[in-house]
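First the structure, in the form of structure tokens, and then the observations on it.
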Amino acid sequence: MARNPFVPSFGTDPHVLVGRDSILDDFDEAFDEAPTAPGLSVLIAGQRGVGKTVLLNHFQHTAHRRGWLAIAESASPGLLDRLTRDHLPRLLAAHSPEAPTRVRSRSFGLAGANYQEQWEDRYPADATLRSQITEVTDVLAKHETGLVITVDEVQSASIEELRKLGEVLQHCRREERPVGFAAAGLTGPLDALLDHDGVTFLRRAQRYDIARVPVADVAEAMDQTVRHAGREFAPGALAEAARASQGYPYLIQLVGQQVWKQHPETQLITAEDVTAGAIAARRRMGNNVHAPAMRSLSEVDKSYLLAMAVDEGEPSRTGEVAKRLGVSPQYAGVYRSRLLASGVIEDAGHGKVRFTIPFLGQYLREHVVVDAMSAIADSAGIDQ
Ligand SMILES: Nc1ncnc2c1ncn2[C@@H]1O[C@H](COP(=O)(O)OP(=O)(O)OP(=O)(O)O)[C@@H](O)[C@H]1O
Ligand SMILES: [Mg+2]
19 MARNPFVPSF
29 GTDPHVLVGR
39 DSILDDFDEA
49 FDEAPTAPGL
59 SVLIAGQRGV
69 GKTVLLNHFQ
79 HTAHRRGWLA
89 IAESASPGLL
99 DRLTRDHLPR
109 LLAAHSPEAP
119 TRVRSRSFGL
129 AGANYQEQWE
139 DRYPADATLR
149 SQITEVTDVL
159 AKHETGLVIT
169 VDEVQSASIE
179 ELRKLGEVLQ
189 HCRREERPVG
199 FAAAGLTGPL
209 DALLDHDGVT
219 FLRRAQRYDI
229 ARVPVADVAE
239 AMDQTVRHAG
249 REFAPGALAE
259 AARASQGYPY
269 LIQLVGQQVW
279 KQHPETQLIT
289 AEDVTAGAIA
299 ARRRMGNNVH
309 APAMRSLSEV
319 DKSYLLAMAV
329 DEGEPSRTGE
339 VAKRLGVSPQ
349 YAGVYRSRLL
359 ASGVIEDAGH
369 GKVRFTIPFL
379 GQYLREHVVV
389 DAMSAIADSA
399 GIDQ
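In case it helps, this note's numbering puts the sequence shown at residues 19 to 402.
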């Protein structure tokens, strides 16, 4: 029985990457023109599940293909420490000809103590990020390669750490060192981050705002994915499966996986498999995407979303939402701004907003047990 080729798993490269060809071309071009290409500094913005991490992976793959080294990090606190105490000493140990002792094991999974001990002599605790990157890139430049650093979830970074990292990167640019940098984050919080003074280097990066992809391209990718794995769609079933994804990258994988699972032993994927798979996929969206997205929201935030859910997937007029909640447009506006900043909703133009994640409205109606009116009325009573 052929293995299910779909990967509904955050950060996992899909079998076919839909709708991102021009970005991948830009990555290629940037590395071809290294070290001076502006495209070597990249910022990827988008909503949950649209494929930001996967694009960071591809930035690294592009670098690896040219023999560059890459460090992949997430922007949780301690980022700089991890770079200077773990990643960079490890790369220096493996690649610097001046290494005092060659490391015996190349098993990068065993980070930490061993490497740290061996490098304590040459790289005392005060060794800066800048000197480490300088040393690594001095070595790599001789081989016409370089170093790539990717930082995921950049909206969660400490401004101070980003500022320091930015300074080092800007020095590298001035010295034309072969350093590539790519960061990714959720649009709303990322835009808030970019307002800070310390992150000029992020504002100067080549920015990509990624979103859903065309359903026609999804059909082609699903067809190819399934054929490569040895099965095929019955006539009509493919278009239906693609439509069920709504062009939302995470759903492409989830729908694909669930459709495939219906009768994995048969050659043909039928329209019935697609119908059943699409229902199963929608159910799983709840646990995997909707519930986590709701976790950081207050009851009042959720009330606002519930009032939007009445529109059943269509964009909601913000004035209308305020009316449904029984509060003033100004008051509702405060919550609208918070939700926009959190990335759960987005501006749909003409005074309207919409959910960024498919089926969120439906999920809220079915799962969020909250007395919308009383939550918002209580809060309005206190705050207004
Ligand atoms: N262009 C694409 N074509 C097909 N599948 C994709 C594409 N981009 C991402 N995916 C799939 O979508 C899922 C989510 O991708 P990824 O983890 O990169 O999203 P993300 O934007 O980083 O999400 P989050 O904001 O939650 O971190 C993964 O299963 C991935 O394989
Ligand atoms: Mg991600």
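Even glycine gets a Cβ: it sits at the ideal position worked out from N, Cα and C. Fair warning: this is a prediction, and the values are worked out from it, not measured in the lab.
Which stretch, first to last residue, makes up the alpha helix (DSSP H) that contains residue i?
i      : result
Val339 : Thr336 to Leu343
Phe373 : Taken as a continuous stretch (DSSP letters only), Phe373 belongs to no alpha helix (DSSP H), being part of the beta strand (DSSP E) at Lys370 to Phe373.
Phe49  : Asp39 to Asp50
Phe77  : Lys70 to Arg83
Val273 : Pro267 to Gln280
Glu283 : No alpha helix (DSSP H) holds Glu283; DSSP gives it neither H nor E.
Asp31  : Where Asp31 is concerned, there is no enclosing alpha helix (DSSP H), given that its DSSP letter is neither H nor E.
Glu178 : Ile177 to Arg192
Glu384 : Leu378 to His385
Pro95  : Premise fails: Pro95 is in no alpha helix (DSSP H) and is neither H nor E.
Pro333 : Pro333 -> no alpha helix (DSSP H), and no H or E assigned at all.
Pro107 : Leu106 to His113
Asp156 : Leu147 to Lys160
Going along the chain, which residues of its own chain have a beta-carbon closer than 8 Å to the beta-carbon of residue i, five neighbours each way excluded?
i      : result
Arg261 : Val233
Ala237 : Leu256, Ala257, Ala259 and Ala260
Pro142 : Confidence in Pro142 is poor, its pLDDT being 40 and thus under 50, which makes the residue's placement too unreliable to answer from.
Ile400 : Confidence in Ile400 is poor, its pLDDT being 47 and thus under 50, which makes the residue's placement too unreliable to answer from.
Glu283 : Met19
Less than 8 Å separating the beta-carbons of residue i and residue j?
i      : j      : result
Val166 : Gly203 : no
Pro181 : Gly216 : Note that residue 181 corresponds to Arg in the displayed sequence, not to Pro. Yes, Cβ-Cβ distance for Arg181 and Gly216 is below 8 Å.
Leu220 : Ala201 : yes
Pro333 : Gln264 : no
Asn75  : Gln275 : no
Ser59  : Ala299 : no
Ala20  : Arg249 : yes
Leu272 : Ala327 : no
Phe77  : Thr168 : yes
His189 : Arg148 : yes
Glu171 : Thr54  : no
Glu338 : Gly379 : no
Val68  : Pro267 : yes
Gly164 : Ala52  : yes
Thr336 : Gly304 : no
Ala319 : Arg356 : The sequence shown places Asp at residue 319, not Ala. It is a contact, given that the beta carbons lie within the stated cut-off.
Ile270 : Val36  : yes
Leu98  : Ala175 : no
Lys70  : Ile228 : yes
Gln150 : Thr374 : no
Thr243 : Val371 : no
Consult DSSP for residue i and reduce its assignment to one of helix, strand or coil.
i      : result
Phe251 : strand
Phe24  : coil
Ile363 : strand
Gln224 : strand
Val197 : strand
Ala55  : coil
Val217 : helix
Glu138 : With a pLDDT of 47 at Glu138, under the threshold of 50, the modelled position of this residue cannot be trusted; read the value that follows with caution. Helix at Glu138.
Val60  : strand
Ala229 : coil
Pro207 : helix
Taking the beta strand (DSSP E) that residue i falls in, what are its first and last residues?
i      : result
Asp170 : Leu165 to Asp170
Glu91  : Leu87 to Ser92
Please report whether the beta-carbon of residue i lies at a distance below 8 Å from any beta-carbon of chain B.
i     : result
Arg83 : Checking the listed chains, one finds no chain B in this structure; it contains a single protein chain.
Apart from the five residues on each side of it in sequence, which residues of its chain come closer than 6 Å, Cβ to Cβ, to residue i?
i      : result
Tyr226 : Ile41 and Ile62
Arg38  : none
Leu187 : Phe199 and Phe219
Ala90  : Thr168
Asp241 : Leu256
Please work out which residues of its chain come closer than 7 Å, Cβ to Cβ, to residue i, disregarding the five sequence neighbours upstream and downstream, and give them in chain order.
i      : result
Leu94  : The sequence shown places Ser at residue 94, not Leu. Excluding residues within five positions, the ones whose Cβ falls inside 7 Å are Ser174.
Thr288 : Ala252 and Ala255
Val307 : Arg66, Gly67, Tyr268 and Ile375
Pro56  : Gln224
Pro26  : Tyr268, Gln271, Leu272 and Gln275
Chain-ordered residues, beta carbon under 7 Å from a heavy atom of ligand 3: Inclusion of ligand 3 in the displayed structure is not the case, the ligand content consisting of ligand 1 and ligand 2 alone.
Minimum length 4: unbroken alpha helix (DSSP H) runs contained in the region 291–327: 309–312 and 317–327
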